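Enquirer: Take a look at the following structure, please.
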Ligand SMILES: Nc1ncnc2c1ncn2[C@@H]1O[C@H](COP(=O)(O)OP(=O)(O)OP(=O)(O)O)[C@@H](O)[C@H]1O
Ligand SMILES: [Mg+2]
Ligand SMILES: [Zn+2]
Ligand SMILES: [Zn+2]
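Residue numbers (the working numbering), protein chains in the order written: chain E, 27 to 303; chain L, 4 to 302.
This is how it looks when you write it as structure tokens:
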């Protein structure tokens with residue numbers, strides 16, 4: 027049995043009407059993701075990769091290179107213009123983009139987790155921290171109040187949010203604390219696949235380090251496969267076993283993180299690595 | 004309104020039941036659809052009525068579309084047959100539906116239009132209950148976009164409503180909803196059962212009578228068909244509770260008028276500012292009182 031959890035093939039997203047020349051007129055060689063003929067943005071084009079159970083895959087690249095667009099499509103926040111993705115789960119094959127909205131929502135609620143850079147996207151600021159976690163459990167059909175409380179407590183404890191914070195509104199929390207609640211919320215259903223999009227960007231360095239440690243511990247405990255999006259080589263170095271380097275919507279280099287860092291092949295990656303030394 | 008006024012039917016050009024036949028057919032078609040999809044808020048072309056929306060025009064349109072000369076109508080407002088609203092509504096039907104009988108006795112009625120209460124005595128298979136609804140969608144409190152609410156209903160995704168209940172328990176130790184308790188019909192759609200108290204919610208479950216809900220302003224009709232499961236939205240481990248009307252000693256309060264200890268009670272203050280309790284369902288109270296008097300008469 028293969029350990030593959032996700033197979034992504036030719037994933038593409040064009041914002042705008044598009045034209046026959048969009049793809050050939052954009053990309054790293056043309057140094058743009060905007061089609062000069064029709065003005066459409068080729069945010070992602072032809073992205074393919076595999077992800078294995080318990081693996082952390084990094085996606086790195088400059089601002090606008092298509093990192094967020096890629097994970098948004100896989101989490102059904104956005105719809106691709108082309109491409110396939112297959113999610114392997116308990117012996118079942120789910121063709122992600124051929125499912126109806128209800129099936130997609132069910133996967134999203136029960137089998138995937140997402141942690142956004144902006145906590146406003148991941149948290150409901152109308153309800154308490156515990157309520158946020160409850161919401162996710164209720165979405166996956168657990169309706170036992172006592173059990174919901176117990177699981178929320180457990181996850182908040184694990185993500186080092188003080189127990190007395192559980193019934194408070196997360197809008198009063200620090201940025202780092204909000205990210206911890208987001209992580210707890212994403213993990214409470216024990217999803218086999220977690221997306222993290224710039225989750226430490228903008229936090230104090232010491233807070234960043236603590237959250238990255240937490241992510242690594244959780245990955246080891248729960249064997250959760252993760253896709254970690256960042257523009258920070260330090261995050262990739264610490265977390266990701268394999269990495270995709272993106273530029274202008276394309277993957278320009280892919281491989282083991284150590285190899286990419288030690289011996290970058292693509293000129294863009296070389297600049298990226300050099301600038302971080 | 005003068006009920007002795009003879010309505011010049013031909014001259015006024017009003018059809019029996021005030022609404023024209025097209026309007027009535029539209030409502031009847033919608034009722035059938037609503038019965039087929041229990042709890043589903045079925046849209047319809049709501050008509051303007053000669054009274055402000057919010058005064059029960061949705062319920063009245065249902066009643067006027069259903070009523071025939073062989074029907075006997077009972078109109079209740081907040082449990083009472085003789086409140087201004089109920090009286091006006093009843094007179095309007097008498098005026099526009101010549102030949103229709105009206106009654107205050109539940110057992111005589113074939114059609115019952117009500118606001119805020121379901122009668123204490125169980126309805127029968129030959130009766131239809133029409134409830135007036137101000138706000139048909141229970142998801143409004145958690146989602147402002149109607150398009151997104153429709154998707155949530157279609158997928159029976161009521162998790163955010165349950166989160167609201169969760170927050171209630173966390174902050175107040177109990178679910179604080181007293182009226183309009185979200186209720187799941189036939190294990191799928193959750194409805195706003197109109198502003199009935201919790202006390203009345205269990206009466207929706209497996210009711211022998213057809214129960215119809217009309218929201219005139221929002222142009223929606225929905226139904227709990229006879230013998231359909233209706234379950235208040237709750238957590239598995241926290242059972243639904245109705246008002247218990249116990250006093251400070253844990254004793255069930257009784258109606259000061261008829262002595263009933265099994266009815267929904269309204270609280271009033273008497274002239275000496277002392278709290279008194281009385282059946283909210285006035286017809287039920289009258290019935291209980293009559294039975295006592297009969298028994299005492301025999302004794
Ligand atoms: N909804 C949208 N409409 C039009 N263009 C968009 C939209 N979303 C993203 N884009 C464009 O697509 C490209 C890729 O954006 P994306 O957010 O994926 O980049 P990113 O790599 O995550 O960048 P960052 O590091 O700044 O988050 C950018 O040029 C962006 O402007
Ligand atoms: Mg981004
Ligand atoms: Zn183009
Ligand atoms: Zn009484």
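Note that CB positions come from ideal geometry on N, CA and C, so glycine has one too.
Predicted model only: the values in this text are computed from it and were never measured.
Identify whether residue 243 of chain E lies in helix, strand or coil by the three-state DSSP scheme.
Expert: On the first chain, position 217 is the one that residue 243 of chain E refers to. Residue 243 of chain E: helix per DSSP, three-state reduction.
Enquirer: May I have the straight-line CA-CA distance separating residue 300 of chain L from residue 293 of chain L, to the nearest angstrom?
Expert: Walking along the second chain from the start, residue 300 of chain L turns up at place 297. Walking along the second chain from the start, residue 293 of chain L turns up at place 290. Taking the straight line joining both Cα atoms gives about 10 Å.
Enquirer: Whole angstroms is fine: what's the gap from residue 90 of chain E's alpha carbon to residue 156 of chain E's?
Expert: Translated into the one-based positions of the first chain, residue 90 of chain E becomes position 64. Translated into the one-based positions of the first chain, residue 156 of chain E becomes position 130. When rounded, the distance between both Cα atoms is 34 Å.
Enquirer: Is there at least one Cβ from chain A nearer than 7 Å to residue 164 of chain E's Cβ?
Expert: The question asks about chain A, but that chain is absent: this structure's protein chains are E and L.
Enquirer: Using a threshold of 6 Å, is the CB atom of residue 120 of chain L nearer than that to any non-hydrogen atom of ligand 4?
Expert: Position 117 of the second chain, counted from the start, is the residue given in the question as residue 120 of chain L. No.
Enquirer: Does the distance from the C-beta atom of residue 218 of chain L to that of residue 122 of chain L stay below 7 Å?
Expert: Position 215 of the second chain holds residue 218 of chain L. Position 119 of the second chain holds residue 122 of chain L. Not closer than 7 Å, so no.
Enquirer: Report yes if the CB atom of residue 139 of chain E is closer than 7 Å to the CB atom of residue 220 of chain E, and no otherwise.
Expert: For the purposes of this step, residue 139 of chain E is taken as the residue at position 113 of the first chain. For the purposes of this step, residue 220 of chain E is taken as the residue at position 194 of the first chain. A contact, by the Cβ cut-off of 7 Å.
Enquirer: Measure the alpha-carbon distance for residue 184 of chain E versus residue 252 of chain E and round it to whole angstroms.
Expert: As a working mapping, residue 184 of chain E is identified with position 158 in the first chain. As a working mapping, residue 252 of chain E is identified with position 226 in the first chain. Each residue's Cα considered, the two are about 18 Å apart.
Enquirer: Against chain L, which members of the segment 113-131 of chain E pass a CB distance test of less than 8 Å?
Expert: 127, 128, 131
Enquirer: Of all the residues that make up the segment 145-156 of chain E, which are near chain L by a beta-carbon distance shorter than 9 Å?
Expert: 150, 152, 153, 154, 156
Enquirer: For the segment 231-244 of chain L, which residues have a beta carbon sitting closer than 7 Å to at least one beta carbon of chain E?
Expert: Sequence-ordered contacts of the segment 231-244 of chain L with chain E read 238, 239, 240, 241 [C-beta pairs closer than 7 Å].
Enquirer: In whole angstroms, give me the CA-to-CA distance for residue 134 of chain L and residue 122 of chain E.
Expert: The residue given as residue 134 of chain L occupies position 131 in the second chain. The residue given as residue 122 of chain E occupies position 96 in the first chain. Their backbone Cα atoms lie some 44 Å apart in a straight line.
Enquirer: Answer yes or no: does any C-beta atom of chain E fall closer than 7 Å to that of residue 169 of chain L?
Expert: Translated into positions along the second chain, residue 169 of chain L becomes position 166. True, the Cβ-Cβ gap to chain E drops below 7 Å.
Enquirer: Give me whichever residues DSSP pairs with residue 235 of chain L in a beta bridge.
Expert: If you number the second chain from 1, residue 235 of chain L lands on position 232. Beta-bridge pairing links residue 235 of chain L to L/186.
Enquirer: Starting from the C-beta of residue 163 of chain L, find all residues in its chain whose C-beta is less than 8 Å away, skip the five residues before and the five after it, and write them out in chain order.
Expert: Walking along the second chain from the start, residue 163 of chain L turns up at place 160. Cβ neighbours of residue 163 of chain L beyond the five flanking positions: 142, 145, 146, 155.
Enquirer: Throw me the rounded Cβ distance for the residue 45 of chain L and residue 74 of chain L pair, which I believe falls under 8 Å.
Expert: Here residue 45 of chain L refers to the residue found at position 42 when the second chain is read from its first residue. Here residue 74 of chain L refers to the residue found at position 71 when the second chain is read from its first residue. Actually they are not in contact, since the Cβ atoms of residue 45 of chain L and residue 74 of chain L sit about 23 Å apart, beyond 8 Å.
Enquirer: Chain L partners of residue 139 of chain E, CB-CB under 7 Å?
Expert: Indexing the first chain from 1 puts residue 139 of chain E at position 113. Correct list: empty, because the minimum Cβ distance to chain L is about 16 Å.
Enquirer: Taking residue 271 of chain L as the reference, give the member of L/264, L/258, L/265, L/262 with the closest Cα.
Expert: Residue mapping note: residue 271 of chain L aligns to position 268 of the second chain, counting from 1. Ranking the options by Cα distance to residue 271 of chain L, first place goes to L/258.
Enquirer: Please confirm if residue 161 of chain E has its CB atom under 7 Å from at least one CB of chain L.
Expert: Mapped onto the first chain, residue 161 of chain E falls at position 135. With 7 Å as the cut-off, residue 161 of chain E counts as an interface residue toward chain L.
Enquirer: With respect to 6 Å, is the separation between the Cβ of residue 94 of chain E and the closest non-hydrogen atom of ligand 2 below this value?
Expert: Taking the first residue of the first chain as position 1, residue 94 of chain E is located at position 68. Yes, ligand 2 has a heavy atom inside 6 Å of this Cβ.
Enquirer: Do you know how far the Cα of residue 203 of chain L is from the Cα of residue 296 of chain L?
Expert: Reading the second chain from its first residue, position 293 is the one you call residue 296 of chain L. Reading the second chain from its first residue, position 200 is the one you call residue 203 of chain L. Cα to Cα, the separation comes out at about 28 Å.
Enquirer: Regarding residue 201 of chain L and ligand 4, is the C-beta to nearest heavy atom distance less than 6 Å?
Expert: Here residue 201 of chain L corresponds to residue number 198 of the second chain, with the count starting at 1. With a threshold of 6 Å, the Cβ atom of residue 201 of chain L does not count as near ligand 4, since no heavy atom of the ligand is closer than that.
Enquirer: For residue 66 of chain E, which residues of its own chain have a beta-carbon under 8 Å away from its beta-carbon, when the five flanking residues on both sides are left out?
Expert: The count along the first chain starts at 1 and reaches residue 66 of chain E at position 40. The answer, listed in chain order, is 40, 41, 42, 43, 44, 45, 48, 60.
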